[in-house]
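Under the UniProt record's numbering, read the sequence shown as residues 1 to 117, first letter to last. Here a beta-carbon is modelled for each residue, glycine too, at the ideal position from N, C-alpha and C. Here the structure comes first, spelled out in structure tokens, and everything after it is commentary.
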Amino acid sequence: MDRAAAGRFVEAWCANWCKVDIDAVVAHFAENAEMRSPLALKLTDSPVVAGAENIRAYWRQAYGSIESADLKILNWSWDDTIARLTVWWQLGDTRASEFMDFDHAGRVVRSEAFYGK
1 MDRAAAGRFV EAWCANWCKV DIDAVVAHFA ENAEMRSPLA LKLTDSPVVA
51 GAENIRAYWR QAYGSIESAD LKILNWSWDD TIARLTVWWQ LGDTRASEFM
101 DFDHAGRVVR SEAFYGK
């Protein structure tokens, strides 16, 4: 993954979330990926969801009833040294930053979201 590939990833990631295409979002995750989120803590009593299938089930529980979302990318950055993508986005009144760490195959192995208003 390089900066150009990261930019393409951000565009696809945003488009998939706008369609609430959870399967397409999870397709970018490694099987043993971990996702950390304050919302996960509220819904599962744990801030960490481990494994692509568990992440898929969690997102279906959290967002499966929504048909579309007007997610806006505010900015993003790519750190080539540690293969980390950071995305700043907004959905309605909610603003968030989210980082994603990638493996050599270009799959997300770890992500963490931080929410604010």
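field: Between the CA atoms of S68 and C35 - distance to the nearest angstrom
entry: Checking the displayed sequence, the identity of residue 35 turns out to be Met instead of Cys. Cα-Cα distance, rounded: 22 angstroms.
field: Where the beta strand (DSSP E) through T94 begins and ends
entry: Run containing T94: 94-102, per the beta strand (DSSP E) assignment.
query: In three-state DSSP terms, what is K72?
result: strand
message: Runs of 4 residues minimum, wholly inside the UniProt domain "SnoaL-like" (10-91): which ones carry the alpha helix (DSSP H) assignment?
response: Counting whole runs of 4 or more residues, the UniProt domain "SnoaL-like" (10-91) contains the alpha helix (DSSP H) stretches 22-26, 38-44, 52-63.
- prompt: By Cβ distance, which residues of its chain are closer than 7 angstroms to I73, with the 5 residues on each side in sequence left out?
  reply: V10, C14, V87, W89
field: Residue from E53, G106, A40, R56 with nearest C-alpha to residue 121
entry: Given a span of 1 to 117 for the chain in the structure shown, any question on residue 121 remains unanswerable.
query: Just how far apart, CA to CA, sit A33 and Y58?
result: 13 angstroms
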